[in-house]
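J.: Chains as they are written, first to last, in our numbering: chain A, 456 to 749; chain B, 456 to 749.
C-beta atoms are modelled at their ideal positions from N, C-alpha and C, and glycine is treated no differently.
Computed from a predicted model, the values in this text were never measured in an experiment.
Protein chains: 2
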Amino acid sequence: MIRNDNIIDGKALSNTIKEEIAAEVKVLVSHGERAPHLAAILVGENPASQSYVRSKVRSCEQVGFQSTLIQKEVDITEAKLLELVDQLNKNEEIDGFIVQLPLPKHIDEMKITMAIDPSKDVDGFHPVNVGKMSLGLDCFLPATPYGIVQMLDRYKIETSGKHCVIVGRSNIVGTPMSILMSRKAKVGNCTVTLTHSRTKNIKTELLRADIIIAAIGYPNFVTEDMVKQGAVIIDVGINRIEDSEAKRGYRLVGDVDFEACKNKALYITPVPGGVGPMTVTSLLMNTLKARKFS
Amino acid sequence: MIRNDNIIDGKALSNTIKEEIAAEVKVLVSHGERAPHLAAILVGENPASQSYVRSKVRSCEQVGFQSTLIQKEVDITEAKLLELVDQLNKNEEIDGFIVQLPLPKHIDEMKITMAIDPSKDVDGFHPVNVGKMSLGLDCFLPATPYGIVQMLDRYKIETSGKHCVIVGRSNIVGTPMSILMSRKAKVGNCTVTLTHSRTKNIKTELLRADIIIAAIGYPNFVTEDMVKQGAVIIDVGINRIEDSEAKRGYRLVGDVDFEACKNKALYITPVPGGVGPMTVTSLLMNTLKARKFS
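(1) Could you pull the start and end residues of the beta strand (DSSP E) that residue 484 of chain B belongs to?
(2) From this set, A:517, A:675 and A:466, which residue's C-alpha is nearest residue 707 of chain A's C-alpha?
(3) So residue 726 of chain A packs on residue 713 of chain A, CB below 8 Å; how close in whole Å?
(4) What does residue 590 of chain A reach in chain B if we use C-beta pairs closer than 7 Å?
(5) When the cut-off is 9 Å and only beta carbons count, does residue 672 of chain B lie next to chain A?
(6) How far does the alpha helix (DSSP H) with residue 608 of chain A in it extend, from its first residue to its last?
(7) Would you kindly work out how many angstroms separate the C-alpha atoms of residue 651 of chain A and residue 683 of chain B, rounded to a whole number?
(8) Which same chain residues, not among the five before or five after residue 732 of chain B, have their C-beta less than 7 Å away from its C-beta?
(9) Measure from the C-beta of residue 639 of chain B to each C-beta in chain A and report whether the shortest distance is under 9 Å.
(10) Within 10 Å of its beta-carbon, does residue 660 of chain B have 16 or more other beta-carbons around it, so buried, or fewer, so exposed?
(11) In chain order, what residues of the region 647-665 of chain B put their CB closer than 8 Å to some CB of chain A?
(12) Starting from residue 567 of chain A, trace the alpha helix (DSSP H) in both directions and tell me its first and last residue.
(13) Residues of chain A with a CB under 8 Å from the CB of residue 544 of chain B: which are they?
(14) Which class does residue 718 of chain B belong to by DSSP, given the choice of helix, strand or coil?
(15) Whose Cβ in chain A lies nearer than 9 Å to the Cβ of residue 630 of chain B?
(16) Helix, strand or coil, according to DSSP, for residue 731 of chain B in the structure here?
(17) Residues of chain A with a CB under 8 Å from the CB of residue 616 of chain B: which are they?
(18) Quick one, are the C-beta atoms of residue 531 of chain B and residue 571 of chain B less than 9 Å apart?
(19) Compute the beta-carbon to beta-carbon distance between residue 550 of chain A and residue 742 of chain A, rounded to the nearest angstrom, for a pair I have assumed lies under 8 Å.
(20) Quick one: using the 10 Å Cβ neighbour count with 16 as the cut-off for buried, is residue 699 of chain B buried or exposed?
(21) Please list the partners that residue 644 of chain B has in chain A, where partner means a Cβ-to-Cβ separation under 7 Å.
(22) Quick one: grab the DSSP three-state call for residue 595 of chain B.
(23) Alpha carbon to alpha carbon, how far is residue 558 of chain B from residue 598 of chain A? Give it in angstroms, no decimals.
(24) In this structure, how does DSSP classify residue 673 of chain A when only helix, strand and coil are distinguished?
(25) Cα separation between residue 536 of chain B and residue 573 of chain B?
(26) Per DSSP, residue 544 of chain B is paired with what?
This is the structure:
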């Protein structure tokens, strides 16, 4: 039996949210207010980073934001980059900004992140924002977790009292998701189990899950036999695997064996077109929020 | 069968650590350095707060720290209290300080906490410290979680690959413990399940635990039938229950039915004399650390 009614369409949802943001921007501007303004700093010529940043800038245009892309040579000094961050912190025309990671090795990423004014940290990477998230205070949520929360919310997926099993304990997805899914909130109130490379029997844990969040970066790690009938599956992985039939010689797969798990899932996100498109939406939502409170 | 060899003696361990700290202070002072200096702000006349603060000051004396107790009337304005915090931030003779909670209702506790210089925040309550903990960066850990980590470490309790079930999702114990027990660290690397009031079957979760951390504030909540043979049980609760035979008319019990669970446990903490005495030790360790990096 082929089912498609249980696929969470991240691309369509992202477009819907972008339309909502665009409508809000129109209202702002019609009241004589300045449109939200996002700046992005890109250091060096990493093709993946260039493509991410370009997509962020394009999304800004789509919703009527102003955007500024600041490109710097790969050999920029840490001091110069800190100076630039300081300028953006002080620039009242810019509501939020991001420094695209990874940075060249001679630059301390955490030092740069710590230098960003938390009220402009729309990536949600500054420890103050991470801490506020953990304390349940208002803050900028990091892009991927915020996107997942949006998905669960918009698809009206019940989370309260459910058992959520997270695979992977990274700082940018697994750990923040474990905090968000357990907090007292509309999307939240789950019993959360956080699993990782040291977990002894991941299959046993996953089979208990009402909601699976896979963020381990390993292609097709979650297989059908690890999934309970009726589980909600959120696949955060984006992995390239060789495919001689594909144009570029590879195709993208998630951390979940999508085809096999699809028929068991109450809801499942595809890769690509699932969590991915939602991350840019999160950035836009954070920038709009920064504009409102600036 | 009566067993006592599996009881984690928090009081004795706390004294051992105090002796180690006192020895370090002696070395510092013998090198002509200033002893660590902790200040505590106490607002109002809450008897429990007075007793906590007094015990903290006494512990400072025991280990050779300087201490300063600043008492303020219950009607101090928020502005005045912020001014005082600012003075302590700037005072180079003071390495760390705490503002004893709870504060009177006319004062915004988070505003006060946010005003403390994170490098002097030896309570580990500032969002920057909470965020750094979540990101696995060096920081001041909050007292109770730090005390528990110390206990597990000093008793050489293996945590890697174990299943740790936490009861309660508070900002000061449950949530930070879930982060600490899952991180990649000597005490850590657990598969962690965080349970709370919305968890559907806490017994089922607890029966799977190699390590139980109970921090829910409900007397004798964890009963023998919820505990697996050989589990390690850390009891964070301190609850008063009426006892007509006790001098004060009450006695202290934990969140765990100690007598019933003791014989099943590989290790168990008593109440009182378990986690409690470790929290002051954590504060001293944080203050010593603040002195070293000041």
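T.: Per the coordinate set shown:
(1) Stepping through the second sequence from its first residue, residue 484 of chain B is reached at position 29. Note, residue 484 of chain B: premise wrong, no beta strand (DSSP E); alpha helix (DSSP H) at 465-485.
(2) Counting from one through the first sequence, the residue named residue 707 of chain A turns up at place 252. For the residues A:517, A:675 and A:466, the minimum Cα distance to residue 707 of chain A belongs to A:675.
(3) Taking the first residue of the first sequence as 1, we reach residue 726 of chain A at position 271. Taking the first residue of the first sequence as 1, we reach residue 713 of chain A at position 258. Contact flag correct, Cβ pair sits at about 7 Å.
(4) Taking the first residue of the first sequence as 1, we reach residue 590 of chain A at position 135. 582, 585 and 626, listed in chain order.
(5) The residue you call residue 672 of chain B lines up with position 217 of the second sequence. The Cβ of residue 672 of chain B sits no closer than 9 Å to any Cβ of chain A.
(6) On the first sequence, residue 608 of chain A is found 153 positions in, with the first residue counted as 1. Note, residue 608 of chain A: alpha helix (DSSP H), 598-609.
(7) On the first sequence, residue 651 of chain A is found 196 positions in, with the first residue counted as 1. On the second sequence, residue 683 of chain B is found 228 positions in, with the first residue counted as 1. Distance between the alpha carbons of residue 651 of chain A and residue 683 of chain B is about 23 Å.
(8) Walking along the second sequence from the start, residue 732 of chain B turns up at place 277. 465, 466 and 469, listed in sequence order.
(9) For the purposes of this step, residue 639 of chain B is taken as the residue at position 184 of the second sequence. Chain A contact via Cβ: present.
(10) For this step, residue 660 of chain B is matched to residue 205 along the second sequence. The C-beta of residue 660 of chain B has 16 or more other C-beta atoms within 10 Å across all chains shown, which makes the residue buried.
(11) Hits within the stretch, in order: 647, 648, 649, 650, 651, 653, 654, 655 and 660.
(12) Your numbering for residue 567 of chain A matches position 112 in the first sequence. Where residue 567 of chain A is concerned, the enclosing alpha helix (DSSP H) stretches over 564-570.
(13) Here residue 544 of chain B refers to the residue found at position 89 when the second sequence is read from its first residue. By Cβ distance, chain A contributes nothing, its closest Cβ being about 16 Å from residue 544 of chain B, past 8 Å.
(14) Locating residue 718 of chain B in the second sequence gives position 263, where the first residue counts as 1. Coil.
(15) Taking the first residue of the second sequence as position 1, residue 630 of chain B is located at position 175. Correct list: 589, 590, 591, 634, 637 and 638.
(16) In the second sequence, the residue the question calls residue 731 of chain B occupies position 276. In the structure shown, the three-state DSSP call for residue 731 of chain B is helix.
(17) Translated into positions along the second sequence, residue 616 of chain B becomes position 161. Proximity of chain A to residue 616 of chain B at the Cβ level (cut-off 8 Å) is accounted for by 653, 654 and 655, in chain order.
(18) In the second sequence, residue 531 of chain B corresponds to position 76, counting from 1. In the second sequence, residue 571 of chain B corresponds to position 116, counting from 1. Inclusion of residue 531 of chain B and residue 571 of chain B in the CB contact set at 9 Å is not warranted, their separation being larger than that value.
(19) By one-based count along the first sequence, residue 550 of chain A stands at place 95. By one-based count along the first sequence, residue 742 of chain A stands at place 287. The pair is a contact, with the Cβ atoms about 6 Å apart (cut-off 8 Å).
(20) Numbered from its first residue, the second sequence carries residue 699 of chain B at position 244. It counts as exposed.
(21) Start at 1 with the first residue of the second sequence, and residue 644 of chain B comes out as number 189. Near residue 644 of chain B (Cβ distances below 7 Å), the residues of chain A are 653.
(22) Within the second sequence, the letter at position 140 stands for residue 595 of chain B. Looking at residue 595 of chain B - three-state DSSP - the assignment turns out to be coil, as it is neither helix nor strand.
(23) Counting from 1 along the first sequence, the entry for residue 598 of chain A is found at position 143. Counting from 1 along the second sequence, the entry for residue 558 of chain B is found at position 103. As the crow flies, the alpha-carbon of residue 598 of chain A is around 35 Å from that of residue 558 of chain B.
(24) Taking the first sequence and counting its residues from 1, one reaches residue 673 of chain A at position 218. Under the three-state reduction of DSSP output, residue 673 of chain A falls in the coil class, being neither helix nor strand.
(25) Here residue 536 of chain B is taken as the residue at index 81 of the second sequence, counted from 1. Here residue 573 of chain B is taken as the residue at index 118 of the second sequence, counted from 1. Residue 536 of chain B and residue 573 of chain B have their alpha carbons spaced roughly 17 Å apart.
(26) Locating residue 544 of chain B in the second sequence gives position 89, where the first residue counts as 1. Residue 544 of chain B pairs with nothing; no bridge assigned.
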